[in-house]
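Asker: Offset between the sequence shown (1-based) and my numbering: plus 606.
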Amino acid sequence: MAGRHTSHTMEHKLLKAVATGDADLLAQALGIWPTATAEQGDVDQSCCLKGVTAEGSSVLHIAASRGHLKLVVMICTHDISLIKLRNNQLDTPLICAARAGHVDVVDYLVRAASAMQEPERSVLRAWNSGGATAMHEAVRNGYAPVLQKLMSSDSGLATMVDDKGMSPLYLAVVSNRPDMVGILIGKSSDGVRSPASYAGPDGKTALHAAVNIGKAGKASVTRMLMEMCLNCDELLDNKQRNVLHCAVEYGRLMVVWYICRNPKFTRLLNAGDCEGNTPLHLAVKHGNAIIISCLMMNTRVNLSIINHGGSTPLDVAFNKSTRDYSLSWLSSTSITMCLQACNAYTSRFLNRADKRFLEDKEESSVYTNVSQSILCISVLIAAGSFAAAFTPPGGYIADGEDAGMPLLKEYAEFSSYVAANSMSFYCSTFATCLLVHDSLTNRRRRRYLSLSAGLVFLAVVGMVLTFLVVTTDLTLDSGNSWDDLIFSITVGVFVFLLMFGRVIFVLSILAIPICWRLPMQLWRGNHLHFWQDILKVIAAAIFLVYVSLGFLMTVFSVLEVVLAFFFVEIENVTPSSIEFCSWRGCVIQHGDLIALYPS
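1) Helix, strand or coil for valine 1042 per DSSP?
2) Do methionine 772 and leucine 756 have their CB atoms nearer than 9 Å?
3) In the structure shown, what three-state DSSP assignment does threonine 615 receive?
4) DSSP beta-bridge partners for threonine 811?
5) With DSSP collapsed to three states, give me the class of tyrosine 1002.
6) Just how far apart, CA to CA, sit leucine 688 and serine 761?
7) Are methionine 903 and proline 1119 close, meaning C-beta to C-beta below 9 Å?
8) In three-state DSSP terms, what is serine 1188?
9) Less than 6 Å between C-beta atoms, sequence neighbours within five positions excluded: which residues of the same chain meet that for alanine 738?
10) Between leucine 1124 and lysine 1142, how many whole angstroms is the CB-CB distance? I'm expecting something under 8 Å.
11) From valine 907 to isoleucine 898, what distance separates their C-alpha atoms?
12) Please check the pair leucine 753 and isoleucine 789, which I expect to be a contact at CB under 8 Å, by giving their CB distance rounded to whole angstroms.
13) Are the C-beta atoms of serine 1056 and some chain B residue less than 9 Å apart?
14) Is valine 658 helix, strand or coil by DSSP?
15) For the structure I just gave you, are there three or more beta carbon pairs, one from the region 1053–1070 and one from the region 995–1013, closer than 8 Å?
16) Look at the Cβ atom of alanine 721, then the Cβ atom of valine 712, and state whether they are nearer than 9 Å.
17) Going by other Cβ atoms of all chains shown within 10 Å of its Cβ, with 16 needed for buried, is aspartate 697 buried or exposed?
18) Could you spell out the range, first to last residue, of the alpha helix (DSSP H) harbouring alanine 744?
19) Quick check on valine 1161: does DSSP put it in helix, strand or coil?
20) So, at 6 Å on beta carbons, what are the nonlocal neighbours of methionine 1029 in its own chain, with the 5 sequence-adjacent residues on each side left out?
21) Determine the burial state of valine 1151: buried for a count of at least 16 other Cβ atoms within 10 Å of its Cβ, exposed for fewer.
22) If you draw a straight line from the C-alpha of alanine 1147 to the C-alpha of isoleucine 1115, how long is it?
23) Can you check DSSP and say which residues form a bridge with proline 1012?
24) Would you kindly check if the distance between the Cβ of glycine 893 and the Cβ of threonine 884 is under 9 Å?
25) If you measure between the beta carbons of methionine 786 and valine 745, is that distance less than 9 Å?
26) Are the beta-carbon atoms of asparagine 844 and lysine 810 separated by less than 9 Å?
27) Going by C-alpha distance, which of Cys835, Leu777 and Val780 is nearest serine 800?
28) Of the choices Ser735, Val1161, Glu743 and Lys690, whose alpha-carbon is the least far from that of alanine 719?
29) Quick check on DSSP: helix, strand or coil for tyrosine 951?
30) Rounded to the nearest angstrom, how far is the Cβ of alanine 889 from that of leucine 901, given a contact under 8 Å?
31) When you compare the CB positions of leucine 620 and valine 665, do they come within less than 9 Å of one another, or not?
32) Does the Cβ-Cβ distance between alanine 805 and valine 779 come in under 9 Å?
33) Relative to the C-alpha of leucine 1055, which residue among Ser977, Cys1121, Ala1117 and Leu986 is closest?
34) Have a look at valine 1042 and alanine 988 and give me their C-alpha separation to the nearest angstrom.
35) Between which two residues does the alpha helix (DSSP H) containing tyrosine 891 stretch?
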């Protein structure tokens, strides 16, 4: 039984023709006949082209979304008014073609719209129920050729935003499509600057999105946007933060470096957000030493701006360090020391008696929990170090004049073992003594906890050094496996870098702005603290040189051990001079022969 249809329902034959791309079937359905019957055919065609599907799509919607260009030309030739018809989602045929990425269909529809009596922009700038234009759909679905065609036809499309406040440029950035970003912000063939909108949802802009989201946070996309946007310092999100604020908050080092090195963006360096925080405030708050160093190397960055809470960056650093009782306390303290070395100031209006030394039950409970955790660690380290002092590696001499003395006391490395173990014992014992004072005020407890955390850290370092000395120097003899030696050194270096490497790295990074900023200030005539600044620069430079040499020596030592395991050097070898030993890793030296077993 034939399906029932009304005057607004698309005939099945017509739907089949446009769905399958059958031009002959479409011609038959449209009633295209010879000239003698053309008038009657026009009547049939007019009735059948007005039919729509259940979703409200016309034949032109279906043909455009399927990419059937020949059918689109036939339909528009017979009824051009269909080009502005909308379906239930308010999509026009142009929006459907752009969403599907059919650039040839989009090109034809754009040219057809320009031939209509109505303004061309009414077709090109039509939006659907979501407020999206054809350009939004092309960008959202990743069709750069369609976007290029639409931009060349009407660049004003780039200024329109959808119902969520997103511009095509914002969509291109969050989709990580640098090619589309280049099309949207590039100049036209006649040199006219693109009018593309940077707008995004929740007060964000495309520039903020380039910093915040994934790979788009790389400096390449951000640099492209900032070079084309003349007022990038005025692009703020709903927290009144500019692009540098966002780059600092999300840890985008390359973006921060690019902005700090470009004089065009000087206004961004000391701008405050809704809370008055500058990028340096946020960098100190998040404790990112590399970004702090990058900002401080720019002498235009003011180190003593006061936010709405009455705090300077130094105040933020000090409050962070005094409330940090983990091993990262040393990093927080390093930031405070760096700011002080660069002559940063604290706020005179901050009431530290009320804010920093507030004594209440909640704060006291936090101190109690932290002190108990640190106390357990310090007691365990002290007990282990105490036991290690009376159980030296190799044991004791059983008889003779030196009876009761350590067997390995003649080894030079034994003194290193004693020194490392003593450092571990003394630091852990002193930390334990500081933590047993439960009746102290919160102010003193905070100081004692911070000092105890540092001492426990040093005690752990002493344990690692003790382990390295025992496993790599004192207990290694001809019968030990070379694999054990390499394993011990590898583990020791890894643990040492894990525990102590971060602090050394932070100190090294923060020493760089001291060596750069203070000489620049002295060069510009700021001699208020001349000799103090000179001494700070010298001390920081010596520390950097020392760390660099220590790093190189460590690398060379590890390489030496690794190469000794794989490399064999043989000179002037004769078969009669070769001798073998029975364990792996033993070194043979016979005359001019140096060999590593097995060889």
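Built from N, CA and C at the ideal position, the CB exists for glycine as well.
Answerer: Walking through what the data contain:
1) Counting from one through the sequence shown, the residue named residue 1042 turns up at place 436. Three-state DSSP puts valine 1042 in coil, outside helix and strand.
2) Here residue 772 is taken as the residue at index 166 of the sequence shown, counted from 1. Here residue 756 is taken as the residue at index 150 of the sequence shown, counted from 1. In this structure, leucine 756 does not lie closer than 9 Å to methionine 772 by Cβ.
3) Looking up residue 615 in the sequence shown gives position 9. Threonine 615: strand per DSSP, three-state reduction.
4) Sequence index remark: in the sequence shown, residue 811 carries index 205 (1-based). Answer is Ala805.
5) Walking along the sequence shown from the start, residue 1002 turns up at place 396. Tyrosine 1002 falls in the strand class under three-state DSSP.
6) Here the question's residue 688 lines up with position 82 in the sequence shown. Here the question's residue 761 lines up with position 155 in the sequence shown. One C-alpha to the other measures close to 24 Å.
7) In the sequence shown, counting from the first residue as 1, residue 903 sits at position 297. In the sequence shown, counting from the first residue as 1, residue 1119 sits at position 513. Contact flag set, yes.
8) Here residue 1188 refers to the residue found at position 582 when the sequence shown is read from its first residue. Residue confidence is low: serine 1188 scores 45 on pLDDT, short of 50, so the model does not pin down where it sits. Its coordinate-derived value is still stated next. Looking at serine 1188 - three-state DSSP - the assignment turns out to be coil, as it is neither helix nor strand.
9) For the purposes of this step, residue 738 is taken as residue 132 along the sequence shown, with counting starting at 1. Contacts found: Asp768.
10) Taking the first residue of the sequence shown as 1, we reach residue 1124 at position 518. Taking the first residue of the sequence shown as 1, we reach residue 1142 at position 536. Contact flag correct, Cβ pair sits at about 6 Å.
11) On the sequence shown, position 301 is the one that residue 907 refers to. On the sequence shown, position 292 is the one that residue 898 refers to. Going by the C-alpha atoms only, they are around 11 Å apart.
12) In the sequence shown, residue 753 corresponds to position 147, counting from 1. In the sequence shown, residue 789 corresponds to position 183, counting from 1. Rounded, the Cβ-Cβ distance is 5 Å, consistent with contact.
13) Judged by its chain identifiers, the structure shown contains no chain B, having just a single protein chain.
14) Looking up residue 658 in the sequence shown gives position 52. Valine 658 falls in the strand class under three-state DSSP.
15) no
16) Counting from one through the sequence shown, the residue named residue 721 turns up at place 115. Counting from one through the sequence shown, the residue named residue 712 turns up at place 106. No, Cβ-Cβ distance for alanine 721 and valine 712 is not below 9 Å.
17) In the sequence shown, residue 697 corresponds to position 91, counting from 1. Counting Cβ neighbours within 10 Å, aspartate 697 comes out buried, since at least 16 surround it.
18) Within the sequence shown, numbered from 1, the residue matching residue 744 stands at position 138. Looking at the DSSP string, the run of the alpha helix (DSSP H) that includes alanine 744 is 740–746.
19) Residue mapping note: residue 1161 aligns to position 555 of the sequence shown, counting from 1. Three-state result, valine 1161: helix.
20) For the purposes of this step, residue 1029 is identified with residue 423 of the sequence shown, where counting begins at 1. Within the same chain, methionine 1029 has close Cβ partners Gly1068.
21) Working through the sequence shown from its first residue, we reach residue 1151 at position 545. Under this definition valine 1151 is an exposed residue.
22) Position 541 of the sequence shown, counted from the first residue, corresponds to residue 1147. Position 509 of the sequence shown, counted from the first residue, corresponds to residue 1115. Taking the straight line from one Cα to the other gives about 12 Å.
23) Taking the sequence shown and counting its residues from 1, one reaches residue 1012 at position 406. Answer is Tyr1002, bridged to proline 1012.
24) Looking up residue 884 in the sequence shown gives position 278. Looking up residue 893 in the sequence shown gives position 287. No, the Cβ-Cβ distance between threonine 884 and glycine 893 is not below 9 Å.
25) Walking along the sequence shown from the start, residue 786 turns up at place 180. Walking along the sequence shown from the start, residue 745 turns up at place 139. Their beta carbons are under 9 Å apart, which means methionine 786 touches valine 745 by this criterion.
26) Your numbering for residue 844 matches position 238 in the sequence shown. Your numbering for residue 810 matches position 204 in the sequence shown. Yes; because the gap between Cβ atoms is below 9 Å, this pair is in contact.
27) Taking the first residue of the sequence shown as position 1, residue 800 is located at position 194. The shortest Cα separation from serine 800 among Cys835, Leu777 and Val780 belongs to Cys835.
28) For the purposes of this step, residue 719 is taken as residue 113 along the sequence shown, with counting starting at 1. Measuring from the Cα of alanine 719, the nearest candidate turns out to be Lys690.
29) As a position in the sequence shown, residue 951 is number 345, starting the count at 1. Residue state, collapsed to three classes: coil.
30) As a position in the sequence shown, residue 889 is number 283, starting the count at 1. As a position in the sequence shown, residue 901 is number 295, starting the count at 1. Confirmed, about 6 Å.
31) In the sequence shown, the residue the question calls residue 620 occupies position 14. In the sequence shown, the residue the question calls residue 665 occupies position 59. Yes, these two residues count as a Cβ contact at 9 Å.
32) Looking up residue 805 in the sequence shown gives position 199. Looking up residue 779 in the sequence shown gives position 173. No, they are not a contact pair.
33) On the sequence shown, position 449 is the one that residue 1055 refers to. It is Ser977 whose Cα lies nearest to the Cα of leucine 1055.
34) Taking the first residue of the sequence shown as position 1, residue 1042 is located at position 436. Taking the first residue of the sequence shown as position 1, residue 988 is located at position 382. Each residue's Cα considered, the two are about 14 Å apart.
35) On the sequence shown, residue 891 is found 285 positions in, with the first residue counted as 1. In the sequence as displayed, the identity of residue 891 is lysine instead of tyrosine. That run of the alpha helix (DSSP H) goes 885–892.
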